[in-house]
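Structure, as structure tokens:
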Amino acid sequence: MASTAPNSVLSFADARACVEQHAAMLHAQARETELLSILDSLNRVLAEDIAADRDFPPFPRATRDGFALRAQDLSSLPAKLKVIGQIKAGTSLPPEVGPVMSGTCVEIMTGAPVPDGSDAVVMVEYTSATGDHVEITRGVKSGDNIVPTGSEAHANQILLKCGSRISYPQIAVAASVGKSKVSIYRKPRIAILSTGDEVVDISATPGPNQIRNSNSFSLAAQVLAAGADPVQLPIAPDERTRLRELIEDGLYSELLLLSGGVSMGKFDLVEEILREFGAEIFFTGAMIQPGKPIVFGRISKGGKQKYFLGLPGNPTSTMVTFELFARPMIDALSGASPSSLLFVQAKLKADFKTKPGLTRFLPARVFGSHANPEVELVGWQGSGDIVSVARANCFLVVPPDLERIAAGEFVSLLPRS
Ligand code: AMP
Ligand code: MG
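Here the sequence shown is numbered in the working numbering, starting from 110 and rising by one per residue.
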């Protein structure tokens with residue numbers, strides 16, 4: 110059952126929406142889980158909700174070293190108050206000391222529970238203590254320098270949702286509720302198949318007209334960074350029988366990424382062979398640079414729908430199309446809740462001219478201060494130029510309707526992970 114017109118080249122927005130739609134269907138499917146220690150869960154996807162085991166904070170917490178008192182007692186300054194006790198972090202005021210009353214205060218350290226009767230903490234910097242009294246030179250409002258009980262989260266409140274990608278703040282949250290082990294979705298296996306008669310293994314000495322297989326490695330690195338397991342298949346020649354065999358092998362994984370062989374050349378056989386497998390193809394190109402010849406579809410295999418992406422072989426195109434189109438599929442297969450591409454903005458350093466028609470993702474470097482972020486294109490020789498991508502730290506996004514962007518204008522950037 111082959112479908113889709115042989116030439117369905119979509120706009121970037123439509124191609125991305127198409128992938129997101131299929132990713133959402135994959136995301137809805139049930140998947141296996143495993144129990145991992147929290148550090149091993151880094152960059153993986155949570156398969157359970159994590160709830161607060163108590164209020165956060167569990168007591169009204171002082172956020173400054175100073176004196177806990179009644180804010181009203183500081184209505185005329187300087188004020189002199191009697192110090193009736195001291196509270197270090199991890200302790201509380203002995204019950205016999207009683208609550209803080211008007212005219213009294215308690216010396217308190219950051220992280221300690223604020224004693225009953227007090228409603229603010231004045232910072233030690235505005236005080237001078239002599240004997241059992243303290244003179245205070247600055248007023249406070251009720252609530253100053255105190256985080257009330259339960260103000261960050263209440264007991265049993267969900268703090269991390271199933272489907273969250275785990276990074277260091279999520280690890281901090283899990284640790285703070287005492288979860289040393291967490292339920293995590295199993296990693297999807299992502300097959301990587303580089304094609305091309307000119308492509309040789311990186312351990313081989315390439316002949317004068319050959320090139321080393323960098324795409325299998327950049328793709329494997331991108332798959333690892335996406336929290337999945339890469340399965341690097343042998344290089345496929347531009348020859349039907351072997352290509353067919355290796356595609357079949359790739360269909361055992363949850364997603365098949367191919368590189369090369371999807372352009373208009375005589376030996377670009379990938380799309381044709383995928384169609385021989387009965388592939389349903391959703392698009393055969395996207396109006397982007399780099400990465401225009403990209404094929405997205407699925408093949409029914411053993412009662413399951415296996416998705417594939419035929420990425421262009423030019424190394425920059427392979428890298429960019431992975432981030433734009435393979436990422437959402439891998440996220441979905443990993444159980445991660447759908448997320449949109451995240452763009453940031455910076456000021457263009459120098460005038461830029463282009464031809465309209467394509468959404469461009471050009472290697473660039475963002476630099477400068479937070480108040481004046483600037484971006485500059487790195488000298489780029491086109492889709493084959495991986496050296497300039499390695500020098501870049503983002504991709505400058507040029508919308509398809511623009512012919513020029515003036516220096517100083519704000520432009521969108523896709524940060525490079
Ligand atoms: P293709 O998409 O097959 O027409 O390839 C486009 C360009 O990318 C050609 O210059 C190829 O030599 C190069 N290329 C294809 N596959 C790889 C690979 N695995 N590693 C590095 N470069 C590649
Ligand atoms: Mg090729």
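Glycine included, C-beta positions come from ideal geometry on N, C-alpha and C. What you are looking at is a predicted structure, and each value in this text was computed from that prediction instead of being measured.
Open item on the list: Given this structure, state the Cα-to-Cα distance separating residue 228 from residue 437, to the nearest angstrom.
Closed with: For the purposes of this step, residue 228 is identified with residue 119 of the sequence shown, where counting begins at 1. For the purposes of this step, residue 437 is identified with residue 328 of the sequence shown, where counting begins at 1. Using only the alpha carbons, I get a separation of about 49 angstroms.
Open item on the list: Comparing C-alpha positions only, which one of 475, 444, 222 sits nearest to residue 335?
Closed with: Translated into the one-based positions of the sequence shown, residue 335 becomes position 226. It is 444 whose Cα lies nearest to the Cα of residue 335.
- [ ] Leaving aside the five residues before and after residue 164 along the sequence, list all residues of the same chain whose C-beta is less than 8 angstroms from its C-beta, in chain order.
- [x] Against the sequence shown, residue 164 aligns to sequence position 55. Within the same chain, 258, 259, 262, 263, 264 come within 8 angstroms of residue 164 by CB-CB distance, once the 5 residues on both sides are set aside.
Task: Check: residue 498 C-beta below 7 angstroms from any heavy atom of the ligand AMP - done: Here residue 498 is taken as the residue at index 389 of the sequence shown, counted from 1. Distances between the C-beta of residue 498 and the heavy atoms of the ligand AMP are all 7 angstroms or more.
Task: Contact check, residue 430 vs residue 495, beta carbons under 8 angstroms - done: Working through the sequence shown from its first residue, we reach residue 430 at position 321. Working through the sequence shown from its first residue, we reach residue 495 at position 386. No. Outside cutoff.
Open item on the list: With a threshold of 7 angstroms (Cβ to nearest heavy atom), would residue 359 be considered close to the ligand MG?
Closed with: In the sequence shown, the residue the question calls residue 359 occupies position 250. Answer for residue 359: no, Cβ out of range of the ligand MG.
Task: Cβ shell of residue 197 (< 7 angstroms), same chain only, five flanking positions each side left out - done: As a first step, residue 197 is located in the sequence shown; it is residue number 88 there, counting from the start. Around residue 197, the same chain offers 218, 221 as residues with beta carbons nearer than 7 angstroms, after the five sequence neighbours per side are excluded.
TODO: Give the single residue among 493, 231, 178, 204 whose Cα lies nearest to the Cα of residue 214.
DONE: As a working note, residue 214 is residue 105 in the sequence shown. When only C-alpha atoms are compared, the closest one is 178.
Task: Contacts around residue 306, its chain only, beta-carbon distance under 6 angstroms, and the 5 residues preceding and following it disregarded - done: As a first step, residue 306 must be located in the sequence shown, where it is residue number 197. 346, 347, listed in sequence order.
TODO: With distances taken Cα to Cα, identify the nearest neighbour of residue 385 among 356, 127, 439, 420.
DONE: Within the sequence shown, residue 385 is the residue found at index 276, counting from 1. Taking only the C-alpha atoms, the option nearest residue 385 is 356.
Task: Residues of its chain near residue 459, where Cβ-Cβ distance is below 6 angstroms and the 5 sequence neighbours each way are ignored - done: On the sequence shown, residue 459 is found 350 positions in, with the first residue counted as 1. Same-chain partners within the cutoff: 516.
TODO: Mind checking who residue 242 pairs with in its DSSP beta bridge?
DONE: Residue 242 sits at position 133 when you count from the first residue of the sequence shown. The partner list for residue 242 (beta bridge, DSSP) reads 191, 239.
Task: For residue 210, the residue or residues it bridges with in DSSP - done: Counting from one through the sequence shown, the residue named residue 210 turns up at place 101. Assignment of beta-bridge partners to residue 210 by DSSP yields no partner.
TODO: Kindly provide the ranges of any alpha helix (DSSP H) runs that are 4 or more residues long and lie completely inside the stretch 427 to 462, ordered along the chain.
DONE: Runs of the alpha helix (DSSP H) inside the stretch 427 to 462: 436 to 442.
Open item on the list: Can you find the residues in the same chain that come closer than 6 angstroms, C-beta to C-beta, to residue 110, ignoring five residues on each side of it along the sequence?
Closed with: On the sequence shown, position 1 is the one that residue 110 refers to. Model confidence at residue 110 stands at a pLDDT of 44, short of 50, so the residue's coordinates are unreliable; what they give is reported in the following sentence. Excluding five sequence positions before and after residue 110, the CB atoms of its chain that fall closer than 6 angstroms to its own CB belong to 387, given in chain order.
TODO: Can you give me the Cβ contacts of residue 156 inside the same chain, cut-off strictly under 7 angstroms, excluding the 5 residues immediately before and after it?
DONE: Here residue 156 refers to the residue found at position 47 when the sequence shown is read from its first residue. Cβ neighbours of residue 156 beyond the five flanking positions: 142, 271, 292, 293, 294, 444.
TODO: Can you give me the Cβ contacts of residue 382 inside the same chain, cut-off strictly under 7 angstroms, excluding the 5 residues immediately before and after it?
DONE: Locating residue 382 in the sequence shown gives position 273, where the first residue counts as 1. Annotation for residue 382: 349, 352, 353, 356 place their beta carbon closer than 7 angstroms to its own, counting only its chain and skipping 5 residues before and after.
- [ ] Report the three-state DSSP secondary structure of residue 111 (helix, strand or coil).
- [x] Position 2 of the sequence shown holds residue 111. In this prediction, residue 111 has a pLDDT of 47, which is less than 50 and means its spatial position is unreliable; nothing more can be read from the coordinates.
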